[in-house]
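**Student:**
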Amino acid sequence: MSVSSLLSRGAVDILEELQILTAKTMEKVEITKQYEVIRELGKGTYGRVNLVIHKARGTKMALKFLRKKTTKQKSFLQEYCISRYLSACPYIIGMYDIAFETDEFYVFAQEYAVAGDLFDIIPPQVGLSEHTTKRCIYQVALALDYLHNRKLVHRDIKPENILIFDKECRKIKLSDFGMTRIAGTTEKRVSGTIPYTAPELCETSKHSGFLVDYSIDVWAFGVLLFCMMTGNFPWEKALHSDSFYYEFYQWQKYKNANVPSQWRRFTSHALKMFSKLLSIEPEKRCSIKDILWYFGKTWLVTKEESHPSEAKNNNDVFVNIKPQGLPYLNGNTLDSNKSDTSPSLSFSSCSSYEDVPKESNANSILVSAPIEICV
Ligand SMILES: Nc1ncnc2c1ncn2[C@@H]1O[C@H](COP(=O)(O)OP(=O)(O)O)[C@@H](O)[C@H]1O
Ligand SMILES: [Mg+2]
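In full-length UniProt numbering, the protein residues as written are 1 to 375.
1) Check N268 in the structure and name its three-state DSSP category.
2) Ordered along the chain, which non-local residues of its own chain (more than five positions away) have a Cβ less than 6 Å from that of Q19?
3) In terms of alpha-carbon separation, which member of L41, I291, P123, N50 lies closest to W219?
4) Which word fits T186, buried or exposed, when buried means at least 16 other C-beta atoms lie within 10 angstroms of its C-beta?
5) So, does the region 217-234 touch the region 145-156, judging by three or more C-beta pairs under 8 Å?
6) Can you tell me where the alpha helix (DSSP H) holding Q125 begins and where it ends?
7) Which residue comes first and which comes last in the alpha helix (DSSP H) that contains F253?
8) Who does A109 pair with in a DSSP beta bridge?
9) Taking only the alpha-carbon atoms, compute the straight-line gap between F105 and Q262 and give it to the nearest angstrom.
10) What is the DSSP secondary structure of D335, counted as helix, strand or coil?
11) Throw me the rounded Cβ distance for the L51 and I38 pair, which I believe falls under 8 Å.
12) Is any heavy atom of ligand 2 found at a distance shorter than 8 Å from the C-beta of G47?
13) Specify the secondary structure class of H154 as computed by DSSP and reduced to three states.
14) Using the Cα positions of Y91 and A99, report the straight-line distance between them to the nearest angstrom.
15) Take the Cβ of N258 as the centre, count every other Cβ of all protein chains shown within 10 Å, and call the residue buried at 16 or more, exposed below.
16) Just how far apart, CA to CA, sit E101 and L152?
17) By the three-class DSSP mapping on this structure, what secondary structure does R285 have?
18) Where does Y328 fall in DSSP's three states?
19) Would you kindly report the start and end of the unbroken beta strand (DSSP E) that includes M179?
20) DSSP on R135, reduced to helix/strand/coil?
21) Take R285 and list the residues in its own chain whose beta-carbon comes closer than 6 Å to its own, dropping the five residues that flank it on each side.
22) N161: beta carbon under 8 Å from a heavy atom of ligand 2?
23) Comparing the CB of S175 with every heavy atom of ligand 1, is any distance shorter than 8 Å?
24) Compute the distance between the beta-carbons of Y245 and P199, then report whether it is under 9 Å.
25) Nearest-angstrom Cα distance between D97 and Q250?
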């Protein structure tokens with residue numbers, strides 16, 4: 001399928017042109033001459049993100065370093081240009097017009113998110129309050145809708161890629177467009193599985209191709225929502241061999257009344273929303289904007305009972321963060337020994353950074369970085 005039939009010609013032109021122009025104008029820079037390095041904000045196999053001060057301007061910014069050994073220039077340009085293309089959205093990380101190289105790295109500059117990423121503020125096995133969750137996830141929904149309206153699929157939705165500017169999540173921004181691709185293109189699956197990976201991808205054999213589709217993000221969004229409200233993953237992998245997933249699968253497929261224990265804390269409205277987001281069949285999964293209606297409903301059973309005032313205030317979420325008129329909307333067997341608690345989010349060894357090369361060859365693209373789960 002041609003790229004132009006999937007993305008409006010204008011957008012393809014802009015993205016391609018941006019990449020060509022950036023490649024032409026990219027200079028070699030000696031970091032310490034232009035930037036004062038303050039500290040490391042994140043680190044991985046592919047590189048790192050540093051907080052720096054631009055010496056000439058005095059501006060604090062985040063520099064993302066991608067190691068040349070593991071990242072091709074084309075991939076770097078793609079990530080940088082897609083990030084720039086999307087950065088006009090208030091719910092997507094801002095970009096400076098700065099991309100350069102050093103002997104070892106390709107580098108670009110981003111707006112600095114002062115409070116870090118969402119993973120660090122989700123209390124393990126407890127989760128965030130319904131109010132904070134709604135405030136945060138609403139902004140993530142708008143960011144994803146913006147992306148999807150531009151025929152792009154993020155493909156790596158998880159708390160580590162949601163940057164926050166305050167612990168209450170009044171202002172959050174989606175980031176890390178290293179895996180973002182145009183919807184409808186075919187990609188090879190070359191890496192492992194994380195709790196956010198949709199079942200159809202978990203089942204895909206390692207080297208077979210699959211179609212990049214919005215439904216991948218919708219699934220990950222559903223898992224993210226569960227994690228935020230519970231402080232646990234719903235499962236380790238969306239595979240029948242995973243007892244938590246298998247229980248969920250049976251429940252959804254046969255619509256029996258036995259709600260698995262870790263889902264019992266949710267109201268019927270929230271469960272309806274989850275079954276739309278986490279529809280087993282990708283073609284039946286809803287679109288992100290379909291769930292906006294549910295923000296006016298209560299999601300947690302216990303919250304409503306124990307904190308009626310907070311439940312009453314749920315609609316405030318919209319008053320505070322809703323931009324006028326939603327500008328971006330266009331229209332196996334069960335393990336009998338398992339505990340009632342799904343896999344915990346609370347482990348230090350749980351990292352999105354693993355010893356997997358980001359790109360082992362030009363055609364291989366990670367579906368998602370593997371994550372080590374310690375139950
Ligand atoms: N602009 C930023 N402001 C603050 N922290 C950031 C910023 N960008 C990245 N980080 C931190 O660095 C981590 C890795 O950055 P990311 O762009 O996701 O790299 P990777 O592609 O290796 O996952 C993030 O999870 C976050 O903790
Ligand atoms: Mg990341």
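Just so it is clear, CB atoms sit at the ideal spot from N, CA and C, and this is done for glycine as well.
Values in this document were obtained by computation on a predicted structure and should not be read as measured data.
**Tutor:** Looking at the atomic coordinates:
1) As a position in the sequence shown, residue 268 is number 268, starting the count at 1. Correcting the residue type first, residue 268 is Ser in the shown sequence and not Asn. If DSSP states are grouped into helix, strand and coil, S268 belongs with the helices.
2) Taking the sequence shown and counting its residues from 1, one reaches residue 19 at position 19. Result list for Q19: L77, C81, in chain order.
3) As a working mapping, residue 219 is identified with position 219 in the sequence shown. Checked all of L41, I291, P123, N50; the closest Cα to W219 is I291.
4) Working through the sequence shown from its first residue, we reach residue 186 at position 186. So T186 ends up on the exposed side.
5) The region 145-156 and the region 217-234 touch, with three or more beta-carbon pairs separated by less than 8 Å.
6) One-based indexing of the sequence shown puts residue 125 at position 125. In the DSSP assignment, Q125 falls outside any alpha helix (DSSP H) and carries neither an H nor an E.
7) For the purposes of this step, residue 253 is taken as residue 253 along the sequence shown, with counting starting at 1. Phe is not the amino acid found at residue 253; the sequence shown has Lys there. 243-254 is the span of the alpha helix (DSSP H), which, as asked, contains K253.
8) As a first step, residue 109 is located in the sequence shown; it is residue number 109 there, counting from the start. For A109, the pairing in a beta bridge is given by DSSP as L63.
9) Against the sequence shown, residue 105 aligns to sequence position 105. Against the sequence shown, residue 262 aligns to sequence position 262. Distance from the CA atom of F105 to the CA atom of Q262, rounded to whole angstroms, is 44 Å.
10) Within the sequence shown, numbered from 1, the residue matching residue 335 stands at position 335. Because the pLDDT at D335 is just 38, under 50, the model does not fix this residue reliably, and the value given afterwards should be weighed accordingly. D335 carries a coil assignment under DSSP once its states are collapsed to helix, strand and coil.
11) For this step, residue 51 is matched to residue 51 along the sequence shown. For this step, residue 38 is matched to residue 38 along the sequence shown. Contact between L51 and I38 is confirmed by a C-beta separation of about 4 Å, below the 8 Å threshold.
12) As a first step, residue 47 must be located in the sequence shown, where it is residue number 47. In this structure, G47 has its CB at a distance of at least 8 Å from all heavy atoms of ligand 2.
13) Within the sequence shown, residue 154 is the residue found at index 154, counting from 1. H154: coil per DSSP, three-state reduction.
14) What you label residue 91 is simply residue 91 of the sequence shown in a count that begins at 1. What you label residue 99 is simply residue 99 of the sequence shown in a count that begins at 1. Whole-angstrom Cα-Cα distance: 22 Å.
15) On the sequence shown, residue 258 is found 258 positions in, with the first residue counted as 1. It counts as exposed.
16) Within the sequence shown, residue 101 is the residue found at index 101, counting from 1. Within the sequence shown, residue 152 is the residue found at index 152, counting from 1. Approximately 26 Å, taken between the alpha carbons.
17) Counted from its first residue, the sequence shown places residue 285 at position 285. Three-state result, R285: coil.
18) Residue 328 sits at position 328 when you count from the first residue of the sequence shown. For Y328, the predicted model reports a pLDDT of 34, less than 50, meaning its position is unreliable and no value from the coordinates is stated.
19) Counting from one through the sequence shown, the residue named residue 179 turns up at place 179. Careful: M179 lies outside any beta strand (DSSP E) and carries neither H nor E.
20) Within the sequence shown, residue 135 is the residue found at index 135, counting from 1. Three-state DSSP puts R135 in a helix.
21) Residue numbering aside, residue 285 sits at position 285 when the sequence shown is read from its first letter. Taken in chain order, the residues that qualify are S215, V218, S279.
22) Here residue 161 refers to the residue found at position 161 when the sequence shown is read from its first residue. For ligand 2, at least one heavy atom lies less than 8 Å from the Cβ of N161.
23) The sequence position of residue 175 within the sequence shown is 175, counting from 1. Indeed, a heavy atom of ligand 1 lies less than 8 Å from the Cβ.
24) Taking the sequence shown and counting its residues from 1, one reaches residue 245 at position 245. Taking the sequence shown and counting its residues from 1, one reaches residue 199 at position 199. Yes, these two residues count as a Cβ contact at 9 Å.
25) Translated into positions along the sequence shown, residue 97 becomes position 97. Translated into positions along the sequence shown, residue 250 becomes position 250. Using only the alpha carbons, I get a separation of about 50 Å.
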